[in-house]
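Chemist:
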Ligand SMILES: [Zn+2]
């Protein structure tokens, strides 16, 4: 089993300066190697309809790849002697990062999901470096020994669990100081087992990620999202106005930036802690939690423009959707459903089941008849059976029913009707 524990570092002034210098050097080299990748693609391709068939071209130079770029570190350290200050492992890890960023852009990750074009990193955008190997005994009392940097004091707020070996160390610079994340491994402890609890009416709960509510459950309970960002907004606005009054590049402006960054950091931490608490409460209530299978990329996608017969653009629902996306982003619902809840469930030996949410907002949870609603209809009133409840609670109940095997009839706009069975994933 692998664990990652994060501790706060208390480096001396010299150590802080040295780590800052390392980050800066690594960033420059990162940008240089990234540019090398881009250059190669620019020079060695042309559109197929403009491809000359008879003109000979210059011998293409070797494509930059991981091992070649890694080899370039040797002459780098000779030509620019200050790079020799950085530990070799840390330098190699930087090359790996370039490779990964570019591979995700060109080929996609193991699920084939591609990310955007890698960006050149500006100052303060490159904030971590990693040792792929550290000594298992690098922690002695309140000090951690990192190669080349030496002993650094840290706050050991919790001990490394017995039997776990320290494998890797990741040093990151955050708004309020330096942190080290240690990867711990114990081969004798198996990974968290995937439990197969059979969901029943009694031991399960359906959860709808709402708009008015953060979540609405099938038992009728709801959770309002505490608007951490909204609370701090006023203070942030005041500080940002103050920052704008300071000259660009001045020390005063940098100080203001640091204060603003700390507030953002606090908001993120408050939100995360609250998510963990909500997840705990949910798992106290039930053994199996049904959640909707949220596709974040779908939510972020823009609606197709609608055009009338005379060529004018008609409302396509994008503005309503944009507002929706914004409040989703503020609440961090995707992170909650996809990461924190499954993590807590696995630790508690419980189960989170993803359910296809299609139709769960358009049907009645009691009689299962179709009750069409617009996005603005916040209340569910069923003309068939007289059920009346908040829209999100209705969805929560339906998600539970779909999870337990009920099929909803999805009526397409074209008029064709088809049955869809709920897709289950563990
Ligand atoms: Zn009904």
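In our numbering, the protein residues as written are 3 to 428. Virtual Cβ for every residue (Gly too), placed ideally from N, Cα, C.
#1: Buried or exposed: where does residue 294 fall if 16 or more other Cβ atoms within 10 Å of its Cβ makes it buried?
#2: Report yes if the C-beta distance between residue 136 and residue 149 is below 9 angstroms; otherwise report no.
#3: Look at residue 121 and residue 106 and say whether their C-beta atoms are less than 9 angstroms apart.
#4: Note down the Cα distance separating residue 124 from residue 218, rounded to an integer number of angstroms.
#5: Is residue 387 closer than 9 angstroms to residue 368 when the C-beta atoms are compared?
#6: Can you give me the Cβ contacts of residue 169 inside the same chain, cut-off strictly under 6 angstroms, excluding the 5 residues immediately before and after it?
#7: Given 8 angstroms as the limit, tell me if residue 388 has its C-beta closer than that to any heavy atom belonging to ligand 1.
#8: Mind checking which residues open and close the alpha helix (DSSP H) that includes residue 280?
#9: Check residue 8 in the structure and name its three-state DSSP category.
#10: Should residue 138 be labelled buried (16 or more other beta-carbon atoms within 10 Å of its own) or exposed?
#11: Return the chain-ordered list of same chain residues with a C-beta closer than 6 angstroms to the C-beta of residue 427, the five sequence neighbours on each side being excluded.
#12: Once DSSP output is grouped into helix, strand and coil, what is the label at residue 159?
#13: If contact is defined by three or more beta carbon pairs under 8 angstroms, each pair taking one atom from either stretch, is the stretch 62-82 in contact with the stretch 25-43?
#14: Using the Cβ count rule (16 or more neighbours within 10 Å means buried), how would you classify residue 19?
#15: For residue 24, count neighbouring Cβ atoms within 10 angstroms of its own Cβ and tell me buried if that reaches 16, exposed if not.
#16: Are there any heavy atoms of ligand 1 lying less than 8 angstroms away from the beta-carbon of residue 399, as far as the coordinates show?
#17: On the three-state DSSP scale, how would you describe residue 16?
#18: Can you check whether the CB of residue 373 is closer than 9 angstroms to the CB of residue 383?
#19: Quick one: give me the first and last residue of the beta strand (DSSP E) that residue 392 is part of.
#20: To the nearest angstrom, how far is it from the Cα of residue 362 to the Cα of residue 397?
#21: From the DSSP secondary-structure annotation, give me the bridge partner or partners of residue 354.
#22: Can you give the beta carbon distance from residue 282 to residue 346, rounded, assuming they're within the 8 angstroms contact cut?
#23: Using 8 angstroms as the cut-off, classify the Cβ of residue 368 as near or not near the heavy atoms of ligand 1, replying yes or no.
#24: Residue 89 by DSSP, collapsed to three states: which one?
#25: Can you find a heavy atom of ligand 1 that lies under 8 angstroms from the Cβ of residue 404?
#26: Should residue 207 and residue 291 be called a contact, given that it needs their Cβ atoms to be closer than 9 angstroms?
#27: Just to confirm the assignment, what range does the beta strand (DSSP E) spanning residue 208 have?
#28: Hey, would you say residue 215 sits closer than 9 angstroms to residue 269, going by beta carbons?
#29: Report whether the distance from the Cβ of residue 371 to the nearest heavy atom of ligand 2 is below 8 angstroms.
#30: Here's the rule: buried if 16 or more other CB atoms are within 10 angstroms of the residue's CB, otherwise exposed. What is residue 192?
#31: Sort out for me which residues DSSP pairs residue 128 with in a bridge.
#32: Give the single residue among 5, 12, 392 whose Cα lies nearest to the Cα of residue 179.
#33: Whole angstroms are fine: how far does the CA of residue 28 sit from the CA of residue 93?
#34: Output needed for residue 251: all residues of its chain with C-beta closer than 8 angstroms, excluding positions within five of it in sequence on either side, in chain order.
#35: Let me make sure I understand the geometry here. Which of 140, 380, 96 has the alpha-carbon closest to that of residue 33?
#36: Which two residues bound the contiguous beta strand (DSSP E) that contains residue 170?
Modeler: In terms of the structure at hand:
#1: buried
#2: yes
#3: no
#4: 42 angstroms
#5: yes
#6: 185, 187
#7: yes
#8: 253-287
#9: strand
#10: exposed
#11: Reliability fails at residue 427, whose pLDDT of 43 lies under 50, so the model's placement of it is uncertain and no value is given.
#12: coil
#13: yes
#14: exposed
#15: buried
#16: no
#17: helix
#18: yes
#19: 390-392
#20: 5 angstroms
#21: 291
#22: 6 angstroms
#23: yes
#24: coil
#25: no
#26: yes
#27: 206-211
#28: no
#29: Ligands present in the displayed structure are limited to ligand 1, and ligand 2 is not among them.
#30: exposed
#31: Answer is none; residue 128 lacks a bridge partner.
#32: 12
#33: 7 angstroms
#34: none
#35: 96
#36: 167-176
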